[in-house]
Amino acid sequence: MATVTYDKATRTYPGTDRPAVDKLDIDIADGEFLVLVGPSGCGKSTSLRMLAGLEDIDEGAIWVGDRDVTNVQPKDRDIAMVFQSYALYPHMTVAENMGFALKIAKKDKAEIRQRVEAAAKILDLVEYLDRKPKALSGGQRQRVAMGRAIVRQPQVFLMDEPLSNLDAKLRVQTRTQIAALQRRLGVTTVYVTHDQVEALTMGDRIAVMKDGVLQQVGTPRDMYDTPANVFVAGFIGSPAMNIGTYQVFDGFAQVGRGKVALSRETIAALKTEDKSQVVLGFRPEALDRAAPNADGAIPVAVDVVEELGSDAFVYGSVPTEYGEAQGINFSAGESQVVVRLDPRDVPKKGETIWVTIRTGEQHVFSSATGLRLTSAPVISKPIIK
Amino acid sequence: MPLHITGAADAALIDLPWSIPLGAWPEDRIAALPRGLSRHVVRFVRHGDSVLAVKETNPEIAHKEFTILRDLERLGAPCVHPVAVVTGRIDAAGEELAAALVTEHLAFSLPYRALFSQDLRKGTLKRLIDALSVLLVRLHLTGFYWGDVSLSNALFRRDASEFSAYLVDAETGDLQRSLTDGQRGYDIEIAVTNIAGELYDLQASEDLDENVDPGEIAERISTRYEQLWRALTETETLTSNIPLHVAERVRELNEMGFDVGEIDMQQVGDGTALTIKPKVVDAGHHSRRLMRLTGLDVQENQARRLLNDVDEYRSIHPESGDDENYGAHQWLRHIFEPTVRAVPRNLRGKLEPAQLFHEVLDHRWYLAESAGHDVPMPVATASYVKHILPEKKDEQAVLGRSLAEMTAELPALTAEIGSVYEVRDAYENDNTHGWGTVPEPDDAEPPVVRRETTRKPVTTKPRARTALSDAKKAASADPEV
């Protein structure tokens, strides 16, 4: 068990101009489950491979515990890549499957047996130790594969999109198992995924990356409630946050025909580069129905209604007069806004509903830099160039 | 989403039963079952005159693997030929089926398990490992990181008295400009672990003698790889007789079967020493030379053997003159082709011509030894065709017609590897997630993940680093937030 520290670690592939990972700086606590998440090409896998020793570190350093492992060979770093291969050998028992790598490493029989039994206990596989893999269920076989890594007793577990091969049902099952297992073992784990739902459900903390740069690192709640910039706001949460750029008049953001009040602090934080515009974000579930033309209410013309039993989602557009929204990011296809409503009170297509953003649930970002304008407790400073 | 086949210019692919899960494809379509361990459902499928390997997986992986194999092929790395990716499969009930990757089955190739039986000699095992280490070196030279090196992920072909290995499963692989030492080292580590596991498994199923030490055999791939890698890429420092040494280095590499495309030479020190390092090395030196001389397209060791025979012929027949092209052509006309033609048509599918020729050469040697004098080729060939080839057990009955064409179970080596591999349980090595016939135990509690959201991670910065950042702070007076 140990901490992991990325100390402004950088990797630039030969022949490219932009670093694949740019001065990554994260402190991972002993026993923490940290998820690196981001879109394809953001540098998350490269960062993991730098920790594994599979990528050179061109600048900066990486520490495991109090050891600088920057120039140490992968096999000497005391880390274990999990799920590199699901291979279970059909003629060997579960115990043999878990322990044979220790045999190659010439550990003595007693120690191998002790480690295998300890791992089996944690994995609920003790009664299966003498069985062959064919007699195990799918979930149990997954756990045997994990057991192979556990018996090596590494300081850190590394997992690179281990669920990408699995079908949806198995994915949900397995991710819960992995997360629960990690808590039982208490081994520091660095986990890479492109799926933000996986990140939110599994990690103690999440680190969002884009284009090789760390955007924000924090607990799932922090990332969800207080995204540090526009990218994180739009990336975390499903359906995605409604985000748009709006003109500021008199302390209000003009959202279609509605005016949304901005705090004095926000207005004060605006700079000339922002050109009197703000990026406003609000989650679909942060909206309440309101009376037409009420204070701060935004009109939404309903395009599509999706009733999901427990919720209803309205996909609509914000009709413009002056002050039309520019640079809208949406996940609703052609429409501009997603609203979550009580399923017992759904509007019809073509109707206009008015919604207000619940107090404290609006997110305001600079239109020039994308950084959060309203103050909020942020655990780690966002690093944006 | 409609069925989508991408890759091959082969309309006949559409006729395959894509709307049935691969594991349930009708017997008459199946040429053979896989005999290696596989995470996915794999079947060898009859397709016209050839055999295709079909693997069920997800679309992203299938496309990625297809692209990698195609790129590797272009780079001249030994791998299977990718044919197509099939997506958009649905069954009769409208349910989605897995995507499929289709590759051409490598003719005359063997999965390693086909070679194992109680009588397996340690020598054969070592030769398989050697072939795999050469494959790994060649792949690493092209910048390909394998990620899952194992006997199951390769196919082996007899190459004169050695084996040649070919990459089959590129799923975990990654093609880069060049590999770091860390990546190469990790690939080797994976290889040693996987090979040991496969050998332990063979022992557990009593297909491998228990006196063999899997760990020791698996280590061999590491040592052989290092030897070859060093010979191909290490930097030598020379101080005298430089042209001689450079020529010597190139010649050694040629002997090993590699052509040197570029050598990097740099003066060092006070200008008296020179370092040389091969930069571009291409495998296939002998096969290229044989191709040039005779038009025969054979594997590297086969080529080496045939070239030796060409040289021998030329020395015995000085009338063929100094021109090696002419001499090689005479050899082809008078020695090689008559030998190959002497095999009756019905037996020709068992061996590649070059391999057959190699076998006949071996047989001729044995005949000469027992007779105490030289035996001419026609006599040796006739004897081989009459006594050795027919005695070979016919595998048709076991797994289907095409298998006899696919597997080169050579009679001359029967003594070495024992009787033909018998399939006990046809699906016993199907190590796939498609096993799922055992349900989850009833009392299994769904695991509960309890996260303390207020838990702030407490990090202990390594002391050395703190000192460093303190120093940096003092130097730059930049406040840290």
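Keeping their order, the protein sequence lines are chains W and L.
If you count by my numbering, then the first sequence holds residues 312 to 696, one letter each, in order.
If you count by my numbering, then the second sequence holds residues 132 to 612, one letter each, in order.
From the three backbone atoms N, C-alpha and C, an ideal C-beta is built for every residue, glycine too.
Answer with buried or exposed for residue i, where buried requires no fewer than 16 other C-beta atoms within 10 angstroms of its C-beta.
{"i": "A355/W", "result": "The question names Ala, but residue 355/W in the sequence shown is Lys. By the 10 Å Cβ count, K355/W comes out buried."}
{"i": "F197/L", "result": "buried"}
{"i": "L375/L", "result": "exposed"}
{"i": "G278/L", "result": "buried"}
{"i": "F560/W", "result": "exposed"}
{"i": "E443/L", "result": "exposed"}
{"i": "K521/W", "result": "buried"}
{"i": "L619/W", "result": "exposed"}
{"i": "Q358/L", "result": "exposed"}
{"i": "S292/L", "result": "exposed"}
{"i": "Q396/L", "result": "Checking the displayed sequence, the identity of residue 396/L turns out to be Met instead of Gln. Label assigned to M396/L: exposed."}
{"i": "W665/W", "result": "buried"}
{"i": "S621/W", "result": "exposed"}
{"i": "M537/L", "result": "Model confidence at M537/L stands at a pLDDT of 34, short of 50, so the residue's coordinates are unreliable; what they give is reported in the following sentence. The residue is buried, with at least 16 neighbouring Cβ atoms inside 10 Å."}
{"i": "K582/W", "result": "exposed"}
{"i": "S264/L", "result": "buried"}
{"i": "H504/L", "result": "exposed"}
{"i": "V411/L", "result": "exposed"}
{"i": "E386/L", "result": "exposed"}
{"i": "A142/L", "result": "exposed"}
Using a Cβ-Cβ distance under 8 angstroms, would residue i count as near chain L?
{"i": "T321/W", "result": "no"}
{"i": "M534/W", "result": "no"}
{"i": "D328/W", "result": "no"}
{"i": "P385/W", "result": "yes"}
{"i": "P401/W", "result": "yes"}
{"i": "A510/W", "result": "no"}
{"i": "F411/W", "result": "yes"}
{"i": "G354/W", "result": "no"}
Examine chain W for any beta-carbon lying closer than 8 angstroms to the beta-carbon of residue i, and answer yes or no.
{"i": "R361/L", "result": "no"}
{"i": "N562/L", "result": "For N562/L, the predicted structure reports a pLDDT of 47, less than 50, and the residue's modelled location is therefore unreliable. The matter cannot be settled from this model."}
{"i": "N342/L", "result": "no"}
{"i": "E320/L", "result": "yes"}
{"i": "Y243/L", "result": "no"}
{"i": "T311/L", "result": "yes"}
{"i": "E536/L", "result": "Residue placement at E536/L is flagged as unreliable, the pLDDT there being 35, under the threshold of 50; a coordinate-derived value is accordingly withheld."}
{"i": "V323/L", "result": "yes"}
{"i": "Q249/L", "result": "Its pLDDT being 45, under 50, Q249/L is placed unreliably in this model, and the coordinates cannot settle the point."}
{"i": "S336/L", "result": "yes"}
{"i": "Q314/L", "result": "yes"}
{"i": "Y497/L", "result": "no"}
Compare the C-alpha of residue i against each of the options and name the closest.
{"i": "G627/W", "options": "I609/W, S621/W, L619/W", "result": "I609/W"}
{"i": "P509/L", "options": "M396/L, F488/L, D428/L", "result": "F488/L"}
{"i": "R669/W", "options": "A597/W, D522/W, R424/W", "result": "A597/W"}
{"i": "G410/W", "options": "A564/W, R424/W, D515/W", "result": "R424/W"}
{"i": "R360/W", "options": "A320/W, D341/W, Q453/W", "result": "A320/W"}
{"i": "H402/W", "options": "M387/L, E329/L, E393/L, Q461/L", "result": "E329/L"}
{"i": "R464/L", "options": "L424/L, R289/L, S295/L, L267/L", "result": "L424/L"}
{"i": "P465/W", "options": "V437/W, D435/W, V498/W", "result": "V498/W"}
{"i": "I145/L", "options": "V268/L, G154/L, L228/L, H135/L", "result": "H135/L"}
{"i": "D312/L", "options": "P385/W, V611/W, G458/W, S358/W", "result": "P385/W"}
{"i": "V629/W", "options": "L436/W, V649/W, R442/W, L684/W", "result": "V649/W"}
{"i": "I321/L", "options": "I415/W, R600/W, V315/W, F624/W", "result": "I415/W"}
{"i": "A184/L", "options": "P209/L, S295/L, D300/L, L203/L", "result": "D300/L"}
{"i": "W462/L", "options": "L437/L, D428/L, D401/L", "result": "L437/L"}
{"i": "G458/W", "options": "R322/W, A544/W, A398/W", "result": "A398/W"}
{"i": "E366/W", "options": "V346/W, I373/W, T357/W", "result": "T357/W"}
For the ligand MG, any of its heavy atoms closer than 7 angstroms to the Cβ of residue i?
{"i": "T273/L", "result": "You won't find the ligand MG in this model; it holds no ligand whatsoever."}
>> I'd like the ranges of any beta strand (DSSP E) spanning at least 3 consecutive residues and lying wholly in the stretch 452-527 of chain W.
In response: 467-471, 499-504, 516-521
>> For a minimum of 3 consecutive residues, which ranges assigned as the beta strand (DSSP E) are wholly contained in the stretch 332-373 of chain L?
In response: 367-369
>> Closer than 7 angstroms between beta carbons: that is the criterion. Which residues of the stretch 457-482 of chain W meet it against chain L?
In response: N476
>> Output needed in chain order: residues of the stretch 414-446 of chain W with a Cβ under 7 angstroms from some Cβ in chain L.
In response: K414, I415, K445, A446
>> To test your reading of the DSSP string, which unbroken beta strand (DSSP E) runs of 3 or more residues are found completely within the stretch 165-242 of chain L?
In response: 173-178, 181-188, 213-218, 230-235
>> Going residue by residue through the stretch 245-292 of chain L, where are the continuous alpha helix (DSSP H) segments of at least 4 residues, counting only ones entirely within it?
In response: 253-272
> Unbroken beta strand (DSSP E) runs of length 3 or more, entirely within the stretch 326-354 of chain W: which are they?
Replying inline: 332-339, 344-348
> Taking a cut of 9 angstroms between CB atoms, which residues from the stretch 185-200 of chain L lie near chain W?
Replying inline: T188, N189, E191, I192
> At a Cβ cut of 9 angstroms, what residues of the stretch 275-297 of chain L count as close to chain W, listed as they run along the chain?
Replying inline: Y276, G278, D279, S281, S283
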